[in-house]
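Below is one structure, written out as structure tokens; comments come after it.
Protein chains: 2
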Amino acid sequence: MKHFKIKKIVKKIFKKFKLSDKHAEISSEYLIKAELVGAPSHGLARLKMYCERLKKKIINPKPKIKIKKISSSIAHIDGNDGIGFVAADIGIKLAIKNAKKTGISLVAIKNSGHYGLSSFYAEQAVNKNLIVFCFTNAPPAIAPYGSKKKLFGTNPICFGTPTGNKIPFILDTSVSVINRGKIRVAAKLGHKIPLGVALDKFGKPTTDAKRALKGVQLPIAGFRGSGLAWMVDIMSGVLTGANHGGKVKDPFDDFSGPQNVGHLFLVLKPNLFVGKNYIRRIRQNIRTIKKLPKIKGVQEILYPGQGINSRYKKNLKKGIVIQKNILEDIKKLNAVK
Amino acid sequence: MKHFKIKKIVKKIFKKFKLSDKHAEISSEYLIKAELVGAPSHGLARLKMYCERLKKKIINPKPKIKIKKISSSIAHIDGNDGIGFVAADIGIKLAIKNAKKTGISLVAIKNSGHYGLSSFYAEQAVNKNLIVFCFTNAPPAIAPYGSKKKLFGTNPICFGTPTGNKIPFILDTSVSVINRGKIRVAAKLGHKIPLGVALDKFGKPTTDAKRALKGVQLPIAGFRGSGLAWMVDIMSGVLTGANHGGKVKDPFDDFSGPQNVGHLFLVLKPNLFVGKNYIRRIRQNIRTIKKLPKIKGVQEILYPGQGINSRYKKNLKKGIVIQKNILEDIKKLNAVK
Chain A
1 MKHFKIKKIV KKIFKKFKLS DKHAEISSEY LIKAELVGAP SHGLARLKMY
51 CERLKKKIIN PKPKIKIKKI SSSIAHIDGN DGIGFVAADI GIKLAIKNAK
101 KTGISLVAIK NSGHYGLSSF YAEQAVNKNL IVFCFTNAPP AIAPYGSKKK
151 LFGTNPICFG TPTGNKIPFI LDTSVSVINR GKIRVAAKLG HKIPLGVALD
201 KFGKPTTDAK RALKGVQLPI AGFRGSGLAW MVDIMSGVLT GANHGGKVKD
251 PFDDFSGPQN VGHLFLVLKP NLFVGKNYIR RIRQNIRTIK KLPKIKGVQE
301 ILYPGQGINS RYKKNLKKGI VIQKNILEDI KKLNAVK
Chain B
1 MKHFKIKKIV KKIFKKFKLS DKHAEISSEY LIKAELVGAP SHGLARLKMY
51 CERLKKKIIN PKPKIKIKKI SSSIAHIDGN DGIGFVAADI GIKLAIKNAK
101 KTGISLVAIK NSGHYGLSSF YAEQAVNKNL IVFCFTNAPP AIAPYGSKKK
151 LFGTNPICFG TPTGNKIPFI LDTSVSVINR GKIRVAAKLG HKIPLGVALD
201 KFGKPTTDAK RALKGVQLPI AGFRGSGLAW MVDIMSGVLT GANHGGKVKD
251 PFDDFSGPQN VGHLFLVLKP NLFVGKNYIR RIRQNIRTIK KLPKIKGVQE
301 ILYPGQGINS RYKKNLKKGI VIQKNILEDI KKLNAVK
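As they're listed, the protein sequences go chains A and B. Letter 283 of the first sequence, counting from 1, is numbered 283 in the working numbering, and no numbers are missing. Letter 1 of the second sequence, counting from 1, is numbered 1 in the working numbering, and no numbers are missing.
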């Protein structure tokens, strides 16, 4: 289906569940974008969940989002338990504005929810010719190093910079080795998973996908990845006033209250120290790395962001493929009066 | 040997090689600290190299370090090719001062050199009750994802925060799977190295340590770690005006000119958004994670910085063990007139 058609339907559904026209526009835009970049786990598969939470008012459909100015560079946003996309959208736009004025800006957001992909916010800053870091925490998914119980979210580290060409450099990497979806697929197909990816429920390393599903996922690179996940939890949770330390609620499973996810945006001007040369320098950097001798089977050395960009362009033309069960959900939600 | 005794000797040696008393003090302090925290590869093993570079004036013994104020939050330092410790020491102290005033600060340093461990600088900020990120680039050591040639340095990501107790949370993680030293040891002992750690000179994955030494090391977690290393090169090299894209010179092998390493310090106040509650929140965060059920064989879940802290305390009492060949070097350097 063409993305603009499905977006129209999703927007209508969000409005049925009491989002304002503007908030429904923002939320449907980000949701469809996840489909377009080939991240369906962050896309339409979440629509039903958002609507259920809106209906139960644990996502506040009419949030009074408060913006507190700390300085000309720093601001604190209280998302008032509204849908994550909206508070984050306000946050990144404010961070961009402040960074343009002062060179560097920091926006912290609390009482928010799942906001889709960090790269969507990073992209906005990069398109305004800025460097950006985005941090967000998430419900428990991976075990801290040494533990057999999940606590950290997949806690992505996201970084973006202008490149001097149309495709921005956007690294958006979770700190889990492989995502749960891939383990589910392996379990279905009876495939083994690599060692070091997950523990069984007794805390033993396993290559059995089914056992892994009952256990926990592991962070990348052991102590290193665990430390990075911890860092992201501190920056987006402890610092901002949001939930942290495993307290962010799972939006699919836990309807006992709002998620209270935290986000943190740090934005800066790339020309602070080298002036206009920044673009020449980053071009040269990327060119040098792309020219390196490649290992067998590799056609091109890609920089982060290139893959997502080409999937986006392809899907813009091709349209979005919606799974049958999700299509059913959308039809049902659209039929709600 | 007791650390203060050896520090005195090292300081004297640095002065023989024309460092000012103050710069010799700073440099010997950081060098000995690397030994004390159990990172000898960043310690006395580098003294001879520093002296050779000072003698050849590719480390400028009398740098005119220039500080350019960009705003009350932002500064740019030109290290004038002096020894890395000194420019970085000035940089972190300035970043601390500015963050105390404005809530957030950014200091970029170019024309610097290897500065020891990032955690030394992070620690200074944390001890002043601040949150800190340190980035630095380094000579080529690991291959970008898809390439068979090394280009990125081990490019550490370093993050620190106060914890409300005496041991700061300091994550200081390189983005290589294991360091070259460990591969060297495996080669000597005829041990295999894990798959996914290194490529041979033909770009093929290898578990043979000797072949790995002729090839390249790999980043943690494939594309993810490669992206993180790239991010650090951009933040500490492209942004600051320092060398980048594999141009940082290897201090041991390349005497054709100064290294031109870049560093970036970002410092912020932890109480910006949650006021005095920050310490209560971070304590609670750490306590929650420490209380998680542990996997078999794990005594305690450690937070980043605890390990280095206990080694430091132990070595302060026990003294530093200096390898024979390095002791010979020190004696020779001390005999220079």
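Where a beta carbon is used, it is the ideal one built from N, C-alpha and C, also for glycine. Values in this document were obtained by computation on a predicted structure and should not be read as measured data.
Check, Outcome
"Expressed to the nearest angstrom, what Euclidean distance is found between the alpha-carbon atoms of serine 119 of chain B and phenylalanine 135 of chain B?", "10 Å"
"If we ignore side chains and look at the alpha-carbon of each, how far apart do glycine 237 of chain B and valine 261 of chain B end up?", "7 Å"
"Using a cut-off of 7 Å between C-beta atoms, extract the partners of arginine 224 of chain A located in chain B.", "Thr173 and Ile220"
"Determine, using beta carbons only, whether alanine 140 of chain B and glycine 160 of chain B come nearer to each other than 8 Å.", "In the sequence as presented, alanine is not what sits at residue 140 of chain B; that position holds proline. The answer is no: Cβ separation not under 8 Å."
"Mind checking proline 194 of chain B: buried by the 16 CB within 10 Å criterion, or exposed?", "exposed"
"Considering only the beta carbon of each residue, do glutamine 259 of chain A and glycine 116 of chain A sit closer than 8 Å?", "no"
"Does glycine 91 of chain B come out as helix, strand or coil in the three-state DSSP assignment?", "helix"
"In the DSSP assignment, what residue or residues form a beta bridge with valine 107 of chain A?", "A:Ala75 and A:Phe265"
"Quick check on DSSP: helix, strand or coil for phenylalanine 169 of chain A?", "strand"
"Once DSSP output is grouped into helix, strand and coil, what is the label at leucine 208 of chain A?", "Going by the sequence as given, residue 208 of chain A is aspartate instead of leucine. In this structure, aspartate 208 of chain A counts as strand in the three-state DSSP scheme."
"Do threonine 163 of chain A and isoleucine 308 of chain A count as a contact pair if the criterion is CB distance below 8 Å?", "no"
"If you run the structure through DSSP and keep just helix, strand and coil, what is glycine 160 of chain A?", "strand"
"For serine 174 of chain B, count neighbouring Cβ atoms within 10 angstroms of its own Cβ and tell me buried if that reaches 16, exposed if not.", "buried"
"Going by beta-carbon coordinates alone, are aspartate 200 of chain A and lysine 214 of chain A separated by less than 8 Å?", "yes"
"Let me make sure I understand the geometry here. Which of A:Lys5, A:Gly43 and A:Pro63 has the alpha-carbon closest to that of lysine 18 of chain A?", "A:Pro63"
"Please compile the residues from chain A whose C-beta is within a distance smaller than 9 Å of the C-beta of glutamine 306 of chain B.", "Correct list: empty, because the minimum Cβ distance to chain A is about 11 Å."
"Do you know offhand how far valine 185 of chain A's Cα is from asparagine 271 of chain A's?", "45 Å"
"Kindly indicate which three-state DSSP category proline 40 of chain B falls into: helix, strand or coil?", "helix"
"Beta-carbon within less than 8 Å of glutamate 52 of chain B's beta-carbon, same chain only, minus the 5 sequence neighbours each way: which residues are those?", "Phe255"
"Can you tell me the Cα-Cα spacing of lysine 188 of chain B and alanine 212 of chain B, whole angstroms?", "12 Å"
"Taking the alpha-carbon of lysine 93 of chain B as reference, which of B:Lys128, B:Gly103 and B:Asn111 has the nearest alpha-carbon?", "B:Lys128"
"Return the residue from the list B:Phe14, B:Asn315, B:Leu327 and B:Pro144 that minimises the CA-CA distance to serine 226 of chain B.", "B:Pro144"
"Just checking: is the beta-carbon of leucine 292 of chain A within a distance shorter than 8 Å of some beta-carbon in chain B?", "yes"
"What residue from B:Asp172, B:Ile289 and B:Gly103 has the CA that sits closest to phenylalanine 133 of chain B's CA?", "B:Asp172"
"Can you check whether the C-beta of asparagine 285 of chain A is within less than 8 Å of a C-beta belonging to chain B?", "yes"
"For histidine 244 of chain B, go through chain A and note every residue whose CB falls closer than 8 Å to its CB, in chain order.", "Arg281 and Asn285"
"Return the first residue and the last residue of the beta strand (DSSP E) that threonine 288 of chain B is part of.", "No beta strand (DSSP E) contains threonine 288 of chain B, which is instead part of the alpha helix (DSSP H) from 277 to 290."
"With 8 Å set as the bound, which would you pick, yes or no: does the beta-carbon of threonine 240 of chain B sit closer than that to a beta-carbon of chain A?", "yes"
"Exposed or buried, what is histidine 191 of chain A when buried is set at 16 or more other beta-carbons lying within 10 Å of its beta-carbon?", "exposed"
"Is isoleucine 26 of chain A helix, strand or coil when you go by DSSP?", "helix"
"Is the stretch 27 to 44 of chain A close to the stretch 80 to 95 of chain A, with three or more CB pairs under 8 Å?", "yes"
"Hey, quick one: how far does the alpha helix (DSSP H) through isoleucine 13 of chain A stretch, first residue to last?", "3 to 16"
"Could you have a look at phenylalanine 152 of chain A and say whether DSSP puts it in helix, strand or coil?", "strand"
"Looking at the unbroken alpha helix (DSSP H) that takes in lysine 68 of chain A, where does it start and where does it end?", "Per DSSP, lysine 68 of chain A belongs to no alpha helix (DSSP H); it is in the beta strand (DSSP E), 66 to 69."
"Less than 8 Å between CB atoms is the rule here; does alanine 108 of chain A satisfy it with respect to chain B?", "yes"
"Could one say the Cβ of isoleucine 74 of chain B lies closer than 8 Å to chain A's Cβ atoms, at least one of them?", "yes"
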